[in-house]
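The opening position of the sequence shown corresponds to residue 2 in this note's numbering, with each subsequent residue numbered one higher. Don't be surprised by glycine CBs; every beta carbon is placed ideally from N, CA and C. No experiment lies behind these values; they were computed from the predicted model shown.
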Amino acid sequence: MMINKKVKTKWIFCVSLIGVLFATALSNGGQAQVAYAGGQDIPPGVNFYIEKQKLLGGMNLYFGNLHSHTACSDGEGTPEQAFAWARDVIRFDFYAITDHAEQLSSKEWEEIGKQADKFNTNGRFVAIRGFEWSHPYEGHSCVWNTRKYISAWGEETADTYSKPTLGLFYRWIDDKDAVAQFNHPGRPKGIFRNLHFESDVADNIIAIETGNKGTGNNDGSYYRWYPIALDKGWKVAPTNNLDNHKLVANPHRTVAIAPLLNRDAILDAMKERRAYSTDDGNMEVIFKSGDCWMGSTLRVPSPTINFDVVVEDDEPIVKLEILTNGGKVVAEKNTEANQVVWKPSVESSSGTYFFLRVFERNDRHDDDNPTADMQIAVTAPIWNPYGSQHLYWS
């Protein structure tokens, strides 16, 4: 699903099954408008749709999954079936097959690549081949879009990487200029050497899962490792992936922010950390400071940092927070609306990075967590090299 689409429609009225949502599409310079029962929470004089398009600045929000398995490892179905399901049934914008490298044959690896190229269609659907390096106690990591793969027991064509250690995995992704993420951090305890920072692969490790399978941001089990990783020096974006072993989905999504829907643009967005993790399958979030998107680093020192926030969803948004080092909340806003524009300011000295967390009420009760009253989105940080460094984690 994409936003920033131009449509030419007249009035449409619809009521949801629970009777709380109505939508009205209006012609406004070709941009669709939707009005919700929860209404808007915006500053005086601000037009939500104009503000949203201005901040997007030609970017789009693309919803997908970067962690999945097929029968090539311990999942079900063929790569062809998986890509077709992702595109035609779930209607993902992008989808990566990341089978366990330890169970892959070279023939299966080639077949995944063949199917990824077959299904990859610019402007419609991005199909990505990857693999999951799966060590029983050093950790699991998804790696995307490489020509070769390495398993926890050594590279397919054994060479100097034949010993299964995290250090050799880091060396491999550095040598191959590959990009990777920390999968389900904390499972098991102590993996990735407790997220010990390694400068040699700081450019290669671009993401960390704050959601995996049915455990989303609202559970907190994986999310809690996100600020720890940031405080240790990793520049990572949060992701929320299915890690599905069957052709079954939940609402959790990774959202990449890119100008176009093609493989290069999606991977570039991830490399730039221009992404967010959401428990809700269509929550739209914009988080910027000036022209710096989430994932960027501020370039000009200032005693005060001004942020621009836009959030839209068909379930009520109830709270927004700006967080910094140690998971400390430095600004917050309570609301009860479907469309929110917020322009908070924080002192630059209060932290070396800032990210946005959004809470919405899960009125649909569609989360895999049956007790989840809330669904949460978490953005990549905007890094502030001029702030004070406070280390909260050992």
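Cβ pair count under 8 Å reaching 3, the region 276-283 against the region 245-254: yes
Quick one, are the C-beta atoms of Thr240 and Thr216 less than 8 Å apart? Along the sequence shown, read from residue 1 onward, the residue named residue 240 stands at position 239. Along the sequence shown, read from residue 1 onward, the residue named residue 216 stands at position 215. Contact: no.
Locate the beta strand (DSSP E) running through Ile423, then write down its first and last residues. What is shown of the chain runs 2 to 395, which leaves residue 423 out entirely.
Please state if the CB of Pro80 and the CB of Gly112 are separated by a distance shorter than 8 Å. If you number the sequence shown from 1, residue 112 lands on position 111. If you number the sequence shown from 1, residue 80 lands on position 79. A small correction: the amino acid at residue 112 is Glu; Gly does not occupy that position in the sequence shown. A contact, by the Cβ cut-off of 8 Å.
Contact under 8 Å by Cβ, Ile267 with Phe95: Locating residue 267 in the sequence shown gives position 266, where the first residue counts as 1. Locating residue 95 in the sequence shown gives position 94, where the first residue counts as 1. Taking 8 Å as the Cβ cut-off, Ile267 and Phe95 qualify as a contacting pair.
From this set, Val312, Tyr387, Asp265 and Thr372, which residue's C-alpha is nearest Val301's C-alpha? By 1-based counting over the sequence shown, the position of residue 301 is 300. Closest by alpha carbon: Tyr387.
Cα-Cα, which of Ile98, Gly59 and Thr336 is closest to Cys143? Along the sequence shown, read from residue 1 onward, the residue named residue 143 stands at position 142. The option with the nearest alpha carbon to Cys143 is Ile98.
State whether the region 98-107 contacts the region 122-135, with contact taken as three or more CB pairs (one from each stretch) at a distance under 8 Å. yes
Give me the Cβ distance between Ser278 and Val379, rounded to the nearest whole Å; I'm assuming they're in contact under 8 Å. The sequence position of residue 278 within the sequence shown is 277, counting from 1. The sequence position of residue 379 within the sequence shown is 378, counting from 1. Between Val379 and Ser278 the Cβ distance is about 5 Å, and since that is below 8 Å, they are a contact.
Residue from Gly328, Asn326 and Asp314 whose Cα sits closest to the Cα of Glu361: Numbered from its first residue, the sequence shown carries residue 361 at position 360. For Glu361, the closest alpha carbon among the candidates Gly328, Asn326 and Asp314 is that of Asp314.
If we count the other Cβ atoms within 10 Å of its Cβ and call it buried at 16 or more, is Lys190 buried or exposed? By 1-based counting over the sequence shown, the position of residue 190 is 189. Classification of Lys190: exposed, given that the 10 Å Cβ count is below 16.
Rounded Cβ spacing between Ser346 and Pro304 (contact assumed at less than 8 Å): The residue labelled residue 346 in the question sits at position 345 within the sequence shown. The residue labelled residue 304 in the question sits at position 303 within the sequence shown. At roughly 10 Å, the Cβ-Cβ gap does not stay under 8 Å, so Ser346 and Pro304 are not in contact.
Pull up the CB-CB distance for Asn184 and His141, whole angstroms please, since I reckon it's below 8 Å. The residue labelled residue 184 in the question sits at position 183 within the sequence shown. The residue labelled residue 141 in the question sits at position 140 within the sequence shown. Rounded, the Cβ-Cβ distance is 4 Å, consistent with contact.
What are the start and end residues of the beta strand (DSSP E) that includes Arg362? Looking up residue 362 in the sequence shown gives position 361. From DSSP, the beta strand (DSSP E) with Arg362 extends over Tyr354 to Arg362.
Would you give the residue range spanned by the alpha helix (DSSP H) that Trp173 belongs to? As a working mapping, residue 173 is identified with position 172 in the sequence shown. Here the alpha helix (DSSP H) through Trp173 covers Leu167 to Asp176.
Phe198 burial status per 10 Å Cβ neighbour count (16 or more: buried): By 1-based counting over the sequence shown, the position of residue 198 is 197. Exposed, by the Cβ-count rule.
Could you pull out every unbroken alpha helix (DSSP H) segment of at least 4 residues lying fully inside the region 234-307, listed in chain order? 264-272
What is the residue span of the beta strand (DSSP E) that Trp134 lies within? As a working mapping, residue 134 is identified with position 133 in the sequence shown. Trp134 -> beta strand (DSSP E) spans Val127 to His136.
So Leu196 and Pro382 are supposed to be a Cβ contact under 8 Å. How far apart are they, rounded? Here residue 196 refers to the residue found at position 195 of the sequence shown. Here residue 382 refers to the residue found at position 381 of the sequence shown. The pair is not a contact, with the Cβ atoms about 16 Å apart (cut-off 8 Å).
CA-to-CA distance, Ile377 to Ala259, given in whole angstroms: Here residue 259 is taken as the residue at index 258 of the sequence shown, counted from 1. Here residue 377 is taken as the residue at index 376 of the sequence shown, counted from 1. Looking at the two C-alpha atoms, the distance is approximately 22 Å.
Using CA coordinates, which residue listed in Gly39, Leu56, Tyr37 and Glu109 is at the minimum distance from Lys344? Locating residue 344 in the sequence shown gives position 343, counting from the first residue. Of the candidates Gly39, Leu56, Tyr37 and Glu109, the one whose C-alpha sits nearest the C-alpha of Lys344 is Leu56.
In this structure, does DSSP put Asp204 in helix, strand or coil? Counting from 1 along the sequence shown, the entry for residue 204 is found at position 203. Coil, per DSSP.
Give a yes or no on whether the C-beta atoms belonging to Asn335 and His68 are separated by under 8 Å. As a working note, residue 335 is residue 334 in the sequence shown. As a working note, residue 68 is residue 67 in the sequence shown. Going by C-beta atoms, Asn335 is not nearer than 8 Å to His68.
Less than 8 Å between the beta carbons of Tyr227 and Gly212, yes or no? Residue 227 sits at position 226 when you count from the first residue of the sequence shown. Residue 212 sits at position 211 when you count from the first residue of the sequence shown. Taking C-beta atoms as the reference points, Tyr227 and Gly212 fail to come closer than 8 Å.
Could you tell me if His366 is buried or exposed, where buried requires 16 or more neighbouring beta carbons within 10 angstroms of its beta carbon? Position 365 of the sequence shown, counted from the start, is the residue given in the question as residue 366. Counting Cβ neighbours within 10 Å, His366 comes out exposed, since fewer than 16 surround it.
Taking the alpha carbon of Asn370 as the point to measure from, which residue in Lys233, Val319, Asn219 and Lys236 has its own alpha carbon closest? Counting from one through the sequence shown, the residue named residue 370 turns up at place 369. With respect to the C-alpha of Asn370, the residue from Lys233, Val319, Asn219 and Lys236 having the closest C-alpha is Asn219.
Cut-off 7 Å between Cβ atoms - residues of its own chain near Asn121, not counting five sequence neighbours on either side: Position 120 of the sequence shown, counted from the first residue, corresponds to residue 121. Here the set comprises Val127, Ala128 and Arg264.
Over the uninterrupted beta strand (DSSP E) stretch that includes Leu321, give me the two end residues. Translated into positions along the sequence shown, residue 321 becomes position 320. Here the beta strand (DSSP E) through Leu321 covers Asp309 to Thr325.
So, under 8 Å CB-CB, Ile306 and Asn339 are touching, yes? Tell me the CB distance rounded to an integer number of Å. Start at 1 with the first residue of the sequence shown, and residue 306 comes out as number 305. Start at 1 with the first residue of the sequence shown, and residue 339 comes out as number 338. Contact flag wrong, Cβ pair sits at about 27 Å.
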